[in-house]
Amino acid sequence: MGSLRTFIKDVRGAKTLAEERSIVTKESARIRTKLKDDHLPQEKRRKNIHKLLYLHILGEKTHFAQVECINLIASDDFRDKRLGYLAAMILLDEHQEVLTLLTNLISNDLTHPNRYVVSLALSTLGSLTSPELARDLYPDVETILARSTDEFLVKKALQCAAKLIERDASLLEIFYPYVGTILKSHHLCTHGGLLGVVKLCQVALSCRPQYEYDNYPEILQSLVANIPELFSLLQDMNSTSFNPEYDVGGTCDPFLQVELLYTLRLMFELAPQGTDRYKNKLNDILTKIATNSDGSKNAAHAVLYECVRTIFALQLDQSLKILGVNVLAKFLGGKDNNTKYVGLNTLLDVVPQEPNAVQKHRKFISRCLFDPDISIRARAVELTFAILNDSNMTELVEELLSFLKGSDDQDKDLIISTVNHLVNHFDSRTPDQENWAIDVMVQVLKVVGQHISLDKVSEVLLMINNGQDLNHKLQVIQQILTVSLGRLEGVVKGDNLAWKLMSVWCIGEYGDILLQKNIFSDTRLAEYLSALNHMYSDSIMLIGYVLTAALKLSSKTNNPGCVEELRQIIMGHTRDTNLMLQNKSYQYSIIFNQPAGLKHDILGAMPFFEKKSKGGSDKVSLQKNMAPPTKPVESSLLLDLLETSPPRNPPTKFHNDVLASQVENDTRTAPLAGNGVYASVPENAAQCYTSSEMAVFMRIKSVGPEGAELELFVRAVVPMHNVQIFAAVSKTQKLILGTLSSASLESDQVCVQELRVSGSGKLKFRIKIVHQGSDMNLKTEQFDHKFDQSL
Amino acid sequence: MAIKFVICLNKQGVLRLIRLFEPFPGDVSNNQSTIAQIYKLVSSREHKHQSNFVEFSDSTKLVYKRYAGLYFVLGIGLQDEELIYLSHIHLFVEVLDAFFGNVCELDIVFNFHKAYMILDELIIGGEIQETSKDVLLERISHLDRLN
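Chains as they are written, first to last, in UniProt numbering: chain W, 1 to 791; chain R, 1 to 147.
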């Protein structure tokens with residue numbers, strides 16, 4: 001059995017992983033056997049535990065030796081104790097039950113005459129503090145604080161006291177007086193001792209919610225009374241003649257300074273009244289630190305940074321806040337990425353408080369957009385959006401654009417969030433900069449379109465669609481298509497589907513203007529569509545757009561060859577394996593063959609599109625489009641054709657069957673039925689729709705977890721024939737339509753339709769009623785209705 | 001404000017020192033995979049051009065620094081002051097360097113228990129307890145002679 005050194009050498013010398021494993025496993029087994037031997041000499045025992053600790057670093061299981069560590073601690077030999085405590089700290093954590101075995105041992109050692117033994121016990125207690133240990137051992141720790149004159153023991157005991165209070169807040173009562181006594185003891189007040197004192201203060205301040213006795217105000221007062229001492233410590237450390245022993249790159253003990261500042265912050269936060277009289281002094285000291293520490297080293301920055309955090313956490317004077325923002329801006333201007341990172345992070349928190357002061361430093365912020373560190377870039381983007389307002393919009397968006405231009409694939413998430421932000425930002429703005437906004441978004445798609453989801457592209461298309469300035473719009477479209485059709489290689493990346501989608505859409509929507517102005521020939525446009533149709537057959541959304549564009553373009557050209565090419569594109573998908581494309585191409589092929597006049601009407605220009613706001617109101621806007629029965633559904637037809645819509649009715653009535661929207665999937669038609677005409681609507685039925693021809697009511701007959709039964713009543717205002725009722729529910733539900741009591745109604749007659757819904761979710765319906773009026777034309781009315789009840 | 005863990009890894013991701021002041025979040029029995037994640041995160045960052053801070057989980061941020069072939073990594077809370085912990089690492093490394101005399105990875109491999117001893121004089125229960133290099137060195141050399 002070799003020494004620790006040989007063992008480590010053997011492990012390191014292993015040529016293969018398997019060899020290393022075998023050495024480690026063998027040694028582990030050997031240690032296990034050896035430790036079981038009660039007659040093993042102490043020296044061998046220590047060697048084995050040393051090896052065991054090495055096994056722990058290697059990631060091996062070491063639990064079998066937990067009791068052995070405790071045995072070592074129990075030994076009288078200092079070497080045994082030292083190793084035992086080290087092993088305990090490394091191998092145990094405070095949730096292990098073995099810890100209870102330690103209680104007595106630590107207690108004995110805390111009162112041991114040898115100060116090194118006491119020191120070991122304190123270190124271990126500081127690392128492994130369970131609430132039980134805290135309750136059992138606090139008297140020993142207190143004795144050390146009260147009696148010991150050894151600065152090493154006192155500083156450790158202070159840290160331990162803080163840990164004990166963290167575990168059991170009621171111990172605060174025992175330990176808080178030592179903050180004052182140690183601060184007054186010149187001998188014990190070394191920097192190590194001070195670190196312990198401020199730690200004790202911090203814990204005392206933050207354990208308030210857990211502290212159960214009612215003398216907390218007194219404790220707080222006694223802590224606050226130490227503020228002048230803490231002030232003078234800070235001042236001394238920031239004077240020119242500080243103790244060189246604690247010099248870290250020109251700053252005096254940044255560790256203690258940061259802890260002192262943090263402690264003061266907690267005091268001022270938690271005792272606003274008690275500390276009020278010290279506030280001016282605090283302002284002075286912080287001003288001094290913020291203006292004087294001009295070191296460029298990390299240590300100086302750490303102190304400055306904590307100083308600024310204190311200024312903003314305590315909401316100090318305006319002048320200090322501005323000073324704080326300037327310090328952070330200086331951080332951004334430097335070369336050190338660490339200070340840039342914390343500077344940006346803090347500025348992000350500070351922007352809401354001091355927007356104008358942060359504004360002033362936007363040059364520095366913009367510079368961080370191009371930093372090599374992605375976490376800095378990400379924060380700079382976020383900060384840029386935080387300071388974006390009307391006056392600096394042009395400048396900052398230009399910066400963001402050049403950031404996007406310089407970005408690469410690893411920035412994908414950042415790009416996506418930037419684009420989302422931009423879209424939302426433009427969305428909430430007034431339209432006076434509409435042209436510019438469109439230009440920006442087109443640029444964005446050009447440079448990073450490959451990363452943007454195709455859904456986001458529709459937002460850009462909406463912006464173009466809704467643009468008021470026609471000349472500008474034409475210019476934009478011309479630019480887009482010049483790039484796409486001109487095969488300007490390299491300008492747009494091959495996988496930039498977003499850009500292609502936009503080009504296709506432009507061809508579909510604005511093909512007529514392009515052809516009229518002779519900007520592009522119809523064959524070029526058709527060729528482009530055809531090429532994309534072949535190249536991107538796996539992108540369903542793009543192909544959907546290609547189909548729509550082909551259909552629209554076909555109504556705008558008379559060139560037979562070109563029309564044929566477009567027809568081929570559409571017909572090519574009538575057997576597509578994707579059901580949505582198949583449907584679409586089938587429906588389009590029907591429209592394709594309509595007479596030119598009708599086709600022109602159907603495929604007219606898109607109206608101004610009101611954006612759906614979030615939540616439920618989208619239904620309303622849809623309804624607005626659908627409601628006027630005089631205007632055939634063409635305006636929404638194309639919108640809806642982009643969605644799934646199983647064709648049901650004969651082709652002649654095609655524009656009625658595309659109403660199903662994406663929310664609904666379970667659409668049923670009521671079977672035609674007998675002649676049960678009702679005379680009236682029950683009183684508890686809610687009116688949910690009225691028009692010049694009918695009034696519709698609904699009521700819930702029963703609702704429960706297994707399903708709901710409802711009735712729908714239609715009261716005719718004018719005579720109606722062949723009434724058909726269609727209904728749809730949300731995806732999580734199933735709908736069964738019962739019989740319609742009567743399909744023909746005279747004025748004021750009522751018919752009733754039964755509905756049964758099962759599934760889960762809110763009860764909401766989309767109802768479509770088709771009927772023949774007295775002039776024998778089919779009329780459709782549609783509405784949504786929502787109940788408060790859910791399944 | 002407290003250090004959650006101190007680990008030291010070499011450039012290949014081999015663990016050299018580990019001290020947990022609170023257990024790693026998640027599965028306690030699976031410390032190895034947490035360490036592997038830390039290594040992956042830290043080693044993938046550019047030494048020169050990136051900051052020394054990186055978010056690790058929704059409660060932990062890493063402050064790390066590479067000295068020659070060794071990464072020293074501290075786990076701290078998200079709200080903690082990052083810069084000062086960088087100074088913690090530096091102080092630890094300075095003391096190691098002074099104690100071993102131009103410290104290298106092998107010193108730490110073969111004398112890991114001494115490195116732990118130094119750590120225990122610098123940090124107690126995740127809190128810094130001594131900031132003077134002179135005090136630390138004197139104390140450590142004294143402890144080292146107590147055999």
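Heads up, the beta-carbon is just placed ideally off N, CA and C, and yes, glycines get one too.
For residue j and residue i, the rounded distance between their alpha carbons
i	j	result
residue 55 (chain R)	residue 78 (chain R)	8 angstroms
residue 782 (chain W)	residue 727 (chain W)	10 angstroms
residue 11 (chain W)	residue 71 (chain W)	28 angstroms
residue 83 (chain R)	residue 52 (chain R)	9 angstroms
residue 101 (chain R)	residue 354 (chain W)	50 angstroms
residue 443 (chain W)	residue 410 (chain W)	20 angstroms
residue 132 (chain W)	residue 100 (chain W)	8 angstroms
residue 109 (chain R)	residue 258 (chain W)	33 angstroms
residue 402 (chain W)	residue 455 (chain W)	23 angstroms
residue 18 (chain W)	residue 25 (chain W)	10 angstroms
Unbroken alpha helix (DSSP H) run spanning residue i, endpoints
i	result
residue 702 (chain W)	Counting along the chain, residue 702 (chain W) falls outside any alpha helix (DSSP H), though it belongs to the beta strand (DSSP E) covering 694-704.
residue 180 (chain W)	177-184
residue 763 (chain W)	Run containing residue 763 (chain W): none in the alpha helix (DSSP H); it sits in the beta strand (DSSP E), 762-772.
residue 119 (chain W)	115-127
residue 231 (chain W)	227-237
Bounding residues of the beta strand (DSSP E) (the contiguous stretch that carries residue i)
i	result
residue 780 (chain W)	778-790
residue 519 (chain W)	Segment: none, residue 519 (chain W) is in no beta strand (DSSP E) and carries neither H nor E.
residue 733 (chain W)	733-740
residue 62 (chain R)	60-67
residue 716 (chain W)	707-716
residue 688 (chain W)	686-690
residue 187 (chain W)	Careful: residue 187 (chain W) lies outside any beta strand (DSSP E) and carries neither H nor E.
residue 249 (chain W)	Run containing residue 249 (chain W): none; DSSP gives neither H nor E here.
residue 353 (chain W)	Taken as a continuous stretch (DSSP letters only), residue 353 (chain W) belongs to no beta strand (DSSP E), as it is neither H nor E.
Sequence-distant residues of the same chain with beta carbon closer than 6 angstroms to residue i, five excluded per side
i	result
residue 582 (chain W)	576
residue 746 (chain W)	719
residue 650 (chain W)	Residue placement at residue 650 (chain W) cannot be trusted, given a pLDDT of 36 that sits under 50; what the coordinates show is reported in the next sentence. None.
Residue j beta carbon less than 8 angstroms from that of residue i
i	j	result
residue 244 (chain W)	residue 302 (chain W)	no
residue 404 (chain W)	residue 416 (chain W)	no
residue 145 (chain W)	residue 158 (chain W)	yes
residue 508 (chain W)	residue 552 (chain W)	yes
residue 358 (chain W)	residue 350 (chain W)	yes
residue 495 (chain W)	residue 450 (chain W)	yes
residue 606 (chain W)	residue 465 (chain W)	yes
residue 223 (chain W)	residue 179 (chain W)	yes
residue 505 (chain W)	residue 532 (chain W)	no
residue 85 (chain R)	residue 9 (chain R)	no
residue 174 (chain W)	residue 204 (chain W)	no
residue 93 (chain W)	residue 20 (chain R)	yes
Proximal residues to residue i (C-beta, below 7 angstroms), its chain only, five neighbours per side dropped
i	result
residue 680 (chain W)	750
residue 701 (chain W)	709, 710 and 711
residue 617 (chain W)	Confidence at residue 617 (chain W) is low in this model, with a pLDDT of 37, below 50, so its placement is unreliable and the value that follows should be read with caution. Excluding positions up to five away in sequence, the list is empty.
residue 530 (chain W)	565 and 569
residue 66 (chain R)	47
residue 348 (chain W)	379, 382, 383 and 386
Residue i Cβ short of 7 angstroms to the ligand SAM heavy atom set
i	result
residue 731 (chain W)	For the structure depicted, the ligand SAM is absent and the ligand set is empty, with no information on it obtainable.
Neighbourhood of residue i by C-beta distance below 8 angstroms, restricted to the same chain and skipping five residues each side
i	result
residue 478 (chain W)	514 and 519
residue 760 (chain W)	732, 733, 790 and 791
residue 457 (chain W)	445, 449, 498, 501 and 502
residue 114 (chain W)	78
residue 153 (chain W)	115, 118, 119, 122 and 144
residue 426 (chain W)	437, 440, 441 and 463
residue 128 (chain W)	88, 89, 92, 93, 94, 99 and 102
residue 39 (chain R)	9, 13 and 71
Contiguous alpha helix (DSSP H) assignments of at least 4 residues, all confined to the stretch 447-483 of chain W: With a minimum length of 4 residues, the continuous alpha helix (DSSP H) runs that stay inside the stretch 447-483 of chain W are 454-466.
message: Report the start-end ranges of each alpha helix (DSSP H) in the stretch 564-605 of chain W that is 4 residues or longer and not cut off at the edges.
response: 579-592 and 596-602
- prompt: Curious, which full-length alpha helix (DSSP H) runs of at least 4 residues does the stretch 359-425 of chain W contain?
  reply: 362-368, 374-387 and 393-406
- prompt: Can you list the alpha helix (DSSP H) stretches of 4 or more residues lying completely in the UniProt domain "AP complex mu/sigma subunit" (3-146) of chain R, in chain order?
  reply: 31-43, 82-100, 105-110, 112-122 and 133-145
field: Length-filtered (4 minimum) alpha helix (DSSP H) runs lying within the stretch 30-110 of chain W
entry: Note on the stretch 30-110 of chain W: whole alpha helix (DSSP H) runs with a minimum of 4 residues are 42-57, 66-74, 78-91 and 99-110, in chain order.
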